[in-house]
Amino acid sequence: MLQKYITVFFISMVPLIELRGAIPYSAVMGLPLVQSYIVAILGNMLPVPIIYLFARKVLEWGVDKPVIGGFFTWCLEKGKRGGEKLQAKAGRGLFIALLIFVGIPLPGTGAWTGTLAASLLDIDFKSSILAVMGGVLMAGIIMGLASAGVLGALQSIVF
Numbered sequence: 009m010l011q012k013y014i015t016v017f018f019i020s021m022v023p024l025i026e027l028r029g030a031i032p033y034s035a036v037m038g039l040p041l042v043q044s045y046i047v048a049i050l051g052n053m054l055p056v057p058i059i060y061l062f063a064r065k066v067l068e069w070g071v072d073k074p075v076i077g078g079f080f081t082w083c084l085e086k087g088k089r090g091g092e093k094l095q096a097k098a099g100r101g102l103f104i105a106l107l108i109f110v111g112i113p114l115p116g117t118g119a120w121t122g123t124l125a126a127s128l129l130d131i132d133f134k135s136s137i138l139a140v141m142g143g144v145l146m147a148g149i150i151m152g153l154a155s156a157g158v159l160g161a162l163q164s165i166v167f
């Protein structure tokens, strides 16, 4: 059982998958929802300070490198586009917009992208972390409810 929780933890750390994949995985594995939620939140939040503090610098450094340049440019552009859309829609309510951006579990709107966007928009560290944390908590609740509902419905049909 510990191995399944460790898998949930690491799945939630993977960019683009994050807890949107970790929580449904835990439901399929039969793990309790509350414990899985906590493990997925911890895994999803662990890279956030590192992303905020270093990702922008690393990506800017790698833009002109031969092998990684194209990917790093894509990551920077994705973060900038996400940040610009967020800022255009939010105006002065950037904290709430970042929270909602991270909290709605759609492809490309998780903690990684939100944190990179916050870094590129020069939102202060504390506000960024709090908004992303709130968004991750919200996305986890949405995914937990969706996983319980969808998988519960499938189990009642199959069995």
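Following our numbering, the numbering of the sequence shown begins with 9 at its first residue and continues without gaps. From the three backbone atoms N, C-alpha and C, an ideal C-beta is built for every residue, glycine too.
Which term fits Leu27, buried or exposed, when burial requires 16 or more other beta carbons within 10 angstroms of its beta carbon? Looking at its Cβ environment, which holds 16 or more other Cβ atoms inside 10 Å, Leu27 is buried.
Would you call Val140 buried or exposed, if buried means 16 or more other Cβ atoms sit within 10 Å of its Cβ? Its Cβ being crowded by 16 or more others within 10 Å, Val140 is buried.
Exposed or buried, Gly157, counting other C-beta atoms within 10 Å across all chains shown (16 or more means buried)? The residue is exposed, with fewer than 16 neighbouring Cβ atoms inside 10 Å.
How about the stretch 85-96 and the stretch 118-134: do they share at least three Cβ pairs that are nearer than 8 Å? Yes: the two stretches touch, three or more of their Cβ pairs being nearer than 8 Å.
Beta-carbon within less than 8 Å of Gly39's beta-carbon, same chain only, minus the 5 sequence neighbours each way: which residues are those? Here residue 39 is Leu; the residue named in the question, Gly, does not match the sequence. Taken in chain order, the residues that qualify are Met9, Lys12, Tyr13, Val16.
I'd like to know whether the C-beta atoms of Val56 and Ile137 end up nearer to each other than 8 Å. Pairing Val56 with Ile137 gives a Cβ-Cβ distance under 8 Å.
Does the Cβ of Leu67 have 16 or more other Cβ atoms within 10 Å, making it buried, or fewer, making it exposed? Leu67 should be labelled buried.
At the level of alpha carbons, what is the spacing between Phe79 and Ile58? Just so you know, the alpha carbons of Phe79 and Ile58 end up roughly 19 Å apart.
Rounded distance between the beta-carbons of Ala147 and Pro113, thought under 8 Å: Between Ala147 and Pro113 the Cβ distance is about 4 Å, and since that is below 8 Å, they are a contact.
Just to confirm my understanding: we take Asn52, look at its own chain, exclude 5 residues before and 5 after, and list those with CB closer than 6 Å. What are they? Cβ neighbours of Asn52 beyond the five flanking positions: Ser20, Glu26, Leu27, Ala119, Val144.
Measuring only the C-alpha atoms, how far is Phe62 from Trp69? Taking the straight line joining both Cα atoms gives about 11 Å.
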